[in-house]
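Structure first, then comments.
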Amino acid sequence: MKAVNLDVPWVFVGKTDTELSVVYLVEHAPAQSLAREDGWRAFRVAGQMDFGLTGVLAGLSAVLAQAAISIFALSTFDTDYILVKEEKFTKALEVLELAGYEVPRAILPLEK
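Residue numbering for the sequence shown follows the UniProt record's numbering, beginning at 1 and increasing consecutively.
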């Protein structure tokens with residue numbers, strides 16, 4: 001197995017007893033992998049998330065689920081990231097705004 005390149009600007013690694021998942025920007029993804037799915041866009045939940053907060057990701061995902069938008073959620077020590085398929089990205093932002101969430105337009109480009 002090749003090493004995960006941690007020197008790129010955006011990479012997320014999740015490892016369990018049954019899998020190793022690595023999320024890269026498309027331009028940094030290795031040429032070969034066991035499975036790969038392109039076409040995602042992401043947005044970051046604003047601000048540092050205190051561990052005492054509950055339901056933030058659940059609220060966001062519920063709004064998106066009601067609009068038939070599947071998500072791929074990534075959590076770090078500081079915050080959460082929500083990835084949606086490219087074709088649902090604009091709709092995701094719109095339904096979150098309609099639900100009362102503040103959605104800044106500086107969005108993380110997970111694909112160029």
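Just so you know, even glycine gets a beta-carbon here, dropped at the ideal spot from N, CA and C. None of these values were measured; they are calculated from a predicted model.
What separation, rounded to the nearest whole angstrom, lies between the Cα atoms of residue i and residue j?
i	j	result
Ala68	Val4	33 Å
Leu20	Pro104	32 Å
Gln32	Tyr24	13 Å
Glu102	Ile71	18 Å
Pro89	Ile82	Checking the displayed sequence, the identity of residue 89 turns out to be Phe instead of Pro. About 10 Å.
Gly100	Gln66	15 Å
His28	Val84	19 Å
Val22	Lys15	9 Å
Is it buried or exposed for residue i, if we count other Cβ within 10 angstroms and need 16 for buried?
i	result
Val8	exposed
Phe43	buried
Phe77	exposed
Arg41	buried
Val13	exposed
Leu96	buried
Considering Cα atoms alone, identify which of the options is closest to residue i.
i	options	result
Val11	Ala35, Ser61, Ser75 and Lys91	Ser75
Leu98	Lys85, Leu60 and Trp40	Leu60
Val63	Glu86, Gly39, Pro30 and Lys91	Lys91
Glu86	Glu27, Gly39 and Val22	Gly39
Whole-angstrom Cβ separation of residue i and residue j, contact assumed at under 8 Å?
i	j	result
Thr79	Val45	5 Å
Leu57	Ala35	Going by Cβ atoms, the distance from Leu57 to Ala35 rounds to 24 Å, so no, they are not a contact pair.
With DSSP as the reference, please indicate the residues paired to residue i in a beta bridge.
i	result
residue 165	Past the edges of the chain, shown from 1 to 112, lies residue 165, and the structure says nothing about it.
Lys15	Leu20
Ala73	Ile82
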